[in-house]
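The structure under discussion appears below in the form of structure tokens.
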Amino acid sequence: NLSEKIQNTLKKLRGKGKLTEKDVNEALREVRLALLEADVNFKVAKEFVEAVRERCVGQEVMKSLTPGQQVVKIVDEELRRLMGETKSELNISQTPPSIIMLVGLQGSGKTTTAGKLARLLKAEGKYPLLVACDIYRPAAIKQLQVLGEQIGVPVFTMGSNTKPEDIAKAARDHAISQGYNLIILDTAGRLHIDDEMMGELVRIKERVRPHETLLVVDAMTGQDAANLAKEFDENTGITGVILTKFDSDTRGGSALSVRAVTGKPIKYIGVGEKLDALEPFHPDRIAQRILG
Amino acid sequence: LKRCGKIDEELFGELEEALFQADVGVRTSMELVEWLRQRVKEERLEDPEAIKALLKERILQILQRGEEKESINLQAKPHVIIVVGVNGVGKTTTIGKLGKKFVDEKKKVLFAAADTFRAAAIDQLEVWARRVGADIVKHQEGADPAAVTFDAFQAARARNVDVLIIDTAGRLHNKVNLMKELEKIKRVISREDEGAPHEVLLILDATTGQNAIEQAKIFYKAVNITGIALTKLDGTAKGGVVIGICDELEIPVKFIGIGEGIDDLRPFNSRDYVDVLFG
Ligand SMILES: Nc1nc2c(ncn2[C@@H]2O[C@H](COP(=O)(O)OP(=O)(O)OP(=O)(O)O)[C@@H](O)[C@H]2O)c(=O)[nH]1
Ligand SMILES: Nc1nc2c(ncn2[C@@H]2O[C@H](COP(=O)(O)OP(=O)(O)OP(=O)(O)O)[C@@H](O)[C@H]2O)c(=O)[nH]1
Ligand SMILES: [Mg+2]
Ligand SMILES: [Mg+2]
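Line by line, the protein sequences give chains A and B.
Mapped onto the working numbering, the consecutive letters of the first sequence carry residue numbers 187 to 478.
Mapped onto the working numbering, the consecutive letters of the second sequence carry residue numbers 5 to 283.
What follows is the structure, encoded as structure tokens:
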């Protein structure tokens with residue numbers, strides 16, 4: 187694992203006497219490669235290593251009797267600093283209904299996550315309404331309805347011939363008149379480079395002003411995680427991230443990439459296909475997973 | 005200035021960076037660049053364009069490795085294709101697109117709705133069946149996928165179907181019981197026809213990182229993958245993981261998905277792919 191690699195690299199070099207900057211660079215190269223192997227985005231890994239390097243050329247490391255351990259400690263601290271604290275509270279509005287919008291690439295797990303969130307919030311005493319804003323994917327509305335039925339949460343739909351922004355607005359009116367205090371909008375998967383579809387998200391946002399816009403990202407995503415997160419954030423403005431399929435054996439470097447380029451908190455992780463498989467995100471656990 | 009060795013090192017660095025950013029992975033990228041370094045030294049290459057072209061040729065070689073095993077043998081009737089992969093990669097959509105391709109070739113196509121787990125999975129495949137003009141065999145949600153598979157095969161025989169495509173539920177390769185279920189589905193088919201399945205197609209999402217290699221290895225071990233379809237290449241991801249997969253397992257990439265529409269499937273062209281990789 188990375189901790190061991192760093193320690194071994196610097197242990198070998200210490201035999202030569204005083205530690206030089208070149209020696210530190212050698213260890214940092216190990217860090218960069220380990221991050222890349224864990225699917226952290228190339229540019230993100232580079233910037234992270236630069237931040238670590240700045241701290242490594244100080245007294246802390248250069249004068250230490252165990253520079254390897256010092257470097258590991260710094261990498262660990264910088265990872266934790268980057269990932270932030272556990273911040274899984276959703277921004278619930280004072281004036282209901284609170285509106286949560288889920289966005290992301292095709293197949294990332296939005297519809298399933300919508301179901302999971304509805305179930306969680308219902309258990310917390312809220313009255314959620316699921317809203318079917320994916321009018322494109324075959325049987326998308328039916329999928330949300332089946333999930334809603336499983337957890338006893340109603341699904342608002344206007345079929346697939348009404349624009350998603352109009353469905354969202356009608357859902358909000360319906361929620362107000364029927365006493366739902368929370369709305370979860372499930373949107374269609376889309377590419378961050380599809381201007382028309384990205385424009386649709388902006389229109390939905392303008393119609394109903396969601397309190398939370400959560401980017402749903404597949405934890406197994408590689409280099410592209412940084413690109414897509416940046417685009418969604420710049421285009422739509424996200425307030426948080428949910429990483430799905432964390433029950434896979436992926437290293438999860440996408441978590442670092444998404445956090446680094448958007449600065450937004452990762453609020454939950456999906457850890458299974460069933461609707462109870464949603465957990466608050468623990469930043470220190472991802473640091474563990476990436477460091478190996 | 006072009007004879008200076010330092011120019012080469014900078015070039016190697018740039019090429020390696022391009023590979024990293026395309027999800028080629030650390031190990032495969034470094035192996036490729038090391039191979040290139042050797043060849044450049046041996047052949048005393050100096051022109052950056054020639055060096056880059058050499059790397060492209062090497063990657064092409066790797067991608068074409070599995071292709072010799074290729075033989076579109078639609079002799080068996082029904083020709084059975086099982087479509088597998090982790091959750092959300094595009095299995096069901098790819099089956100729809102494949103169905104269209106075969107229907108256009110005047111083949112009789114039957115879909116088997118063997119994803120009996122996920123909400124509205126059967127409904128989703130039914131829409132595709134209608135769209136392309138394929139038949140469909142389905143049970144109710146929660147039924148045994150092996151039973152659906154068995155029924156579909158019998159129906160394919162009875163109805164004189166040319167191509168039977170089996171849609172399976174998304175499953176993570178690290179879930180042992182789900183992989184066992186997949187092995188059972190395959191066994192059902194091979195019990196009915198020992199030459200079948202004629203194709204076990206692994207669907208990989210181009211946005212997936214190094215985990216794709218693990219997916220390919222485990223699925224290959226479980227059900228002997230004969231081909232890969234790389235989807236969502238219409239996005240910004242390059243799907244570079246296939247290079248390491250081809251290198252290690254020699255499984256050919258047969259198709260690419262370039263969109264959500266019925267016609268958004270192309271046969272894999274390794275030369276085009278390599279050009280885009282460095283594009
Ligand atoms: N193992 C696992 N599977 C998940 C998780 N979240 C979602 N899935 C599965 O991923 C697949 C895709 O989920 P969907 O909810 O349909 O994804 P989506 O983002 O709504 O897809 P589109 O609407 O087509 O963009 C399904 O098979 C889900 O069961 C998770 O946390 N773990
Ligand atoms: N842009 C793009 N989207 C695609 C492509 N292939 C599939 N999709 C989309 O990806 C999403 C998931 O597709 P599915 O066919 O449901 O994936 P799946 O593997 O069957 O999912 P599960 O059965 O839930 O595991 C859908 O929104 C599809 O439209 C592609 O080549 N390009
Ligand atoms: Mg969906
Ligand atoms: Mg499917």
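Note that CB positions come from ideal geometry on N, CA and C, so glycine has one too.
Source: prediction; values computed, not measured.
A:M287 versus A:L387, A:S363 and A:L205, residue with shortest Cα-Cα distance: The residue with the shortest Cα to Cα distance from A:M287 is A:L387.
Supposed contact pair B:K56 and B:L23 - C-beta distance, whole angstroms, cut 8 Å: In fact, because the Cβ distance is near 12 Å, the residues do not count as touching under 8 Å.
Contact between the stretch 261–272 of chain A and the stretch 411–430 of chain A (3+ Cβ pairs under 8 Å): Contact between the stretch 261–272 of chain A and the stretch 411–430 of chain A is absent, because fewer than three Cβ pairs lie under 8 Å.
Three-state secondary structure (DSSP) of A:S189: Under the three-state reduction of DSSP, A:S189 is assigned to helix.
Spatial neighbours of B:V136 in its chain, beta-carbon cut-off 8 Å, leaving aside the 5 residues before and after: Scanning its chain for C-beta atoms nearer than 8 Å, with the 5 sequence neighbours on each side dropped, one finds around B:V136 the residues G100, G103, K104, V107, V113 and I266, in chain order.
Sub-7 Å separation of B:D51 and B:G213 beta-carbons: With a cutoff of 7 Å on beta-carbon distance, B:D51 and B:G213 are scored as not near each other.
Simplified DSSP state of B:F272, which is helix, strand or coil: When DSSP states are grouped into helix, strand and coil, B:F272 belongs to the coil group.
Interface partners of A:S346 on chain B, CB under 9 Å: Those within 9 Å of A:S346 in chain B number zero; the least Cβ separation is about 11 Å.
DSSP state of B:L5 mapped onto helix, strand, coil: Note on B:L5: pLDDT 44, under 50, position unreliable in the model; the coordinate value appears next. Taken through DSSP and simplified to helix, strand or coil, B:L5 comes out as coil.
Reference B:V87; option with closest CA among B:T120, B:D171 and B:K190: Out of B:T120, B:D171 and B:K190, B:D171 has the C-alpha closest to the C-alpha of B:V87.
Straight-line gap, B:A54 to B:L40 (C-alpha atoms, nearest Å): Approximately 11 Å, taken between the alpha carbons.
Under 5 Å, CB to nearest heavy atom of ligand 6: contacting residues: Annotation note on ligand 6: not contained in the displayed structure, which lists ligand 1, ligand 2, ligand 3 and ligand 4 as its ligands.
Residues near B:I140 in its chain [Cβ-Cβ closer than 8 Å; skip 5 each side]: Closer than 8 Å at the Cβ level, and outside the excluded window around B:I140, lie L114, F115, A116, A117, L129, E130 and A133.
Counted within 10 angstroms of its Cβ, other Cβ atoms place A:T281 as buried (16 or more) or exposed: With fewer than 16 neighbouring CB atoms inside 10 Å of its own CB, A:T281 falls in the exposed class.
CB of A:S434 within 7 Å of CB of A:T407, strictly: Cβ atoms of A:S434 and A:T407: not closer than 7 Å.
Spatial neighbours of B:P149 in its chain, beta-carbon cut-off 6 Å, leaving aside the 5 residues before and after: Take B:P149, set aside five residues on each side of it, and the residues of its chain with a beta-carbon closer than 6 Å to its own are A118, T120 and I189, in chain order.
Per-residue contacts from A:G385 into chain B (C-beta, under 7 Å): Per Cβ cutoff of 7 Å: no residues; A:G385 is ~17 Å from chain B at best.
Cβ shell of A:T195 (< 6 Å), same chain only, five flanking positions each side left out: The residues E212, A213 and E216, in chain order, have a CB closer than 6 Å to that of A:T195 in the same chain once the five nearest residues on each side in sequence are set aside.
Those residues, in chain order, that have a beta-carbon closer than 7 Å to some heavy atom of ligand 3: With the cut-off at 7 Å, the residues found are A:K296, A:T297, A:D320, A:R323, A:A326, A:Q329, A:D372, A:A374 and A:G375.
Start-to-end residues for the beta strand (DSSP E) that takes in A:M406: If you look at A:M406, you'll find it isn't in any beta strand (DSSP E); DSSP assigns it neither H nor E.
Local conformation of B:H83 per DSSP, three classes: B:H83: strand per DSSP, three-state reduction.
A:D433 CB to nearest heavy atom of ligand 1 below 6 Å: Judged by the Cβ position, A:D433 qualifies as a neighbour of ligand 1 at the 6 Å threshold, a heavy atom of the ligand being closer than this.
Distance cut-off 6 Å: B:N91 Cβ against heavy atoms of ligand 2: True, at least one ligand heavy atom lies under 6 Å from that Cβ.
At least three beta-carbon pairs within less than 8 Å, the stretch 191–203 of chain B to the stretch 387–404 of chain A: These segments do not touch.
Sequence-distant residues of the same chain with beta carbon closer than 8 Å to A:D419, five excluded per side: Same-chain partners within the cutoff: L401, V447, T448 and K450.
Within 7 Å, strictly: CB atoms of A:I455 and A:F467: Taking 7 Å as the Cβ cut-off, A:I455 and A:F467 qualify as a contacting pair.
Distance cut-off 6 Å: B:K104 Cβ against heavy atoms of ligand 2: Checking the Cβ of B:K104 against ligand 2 gives no.
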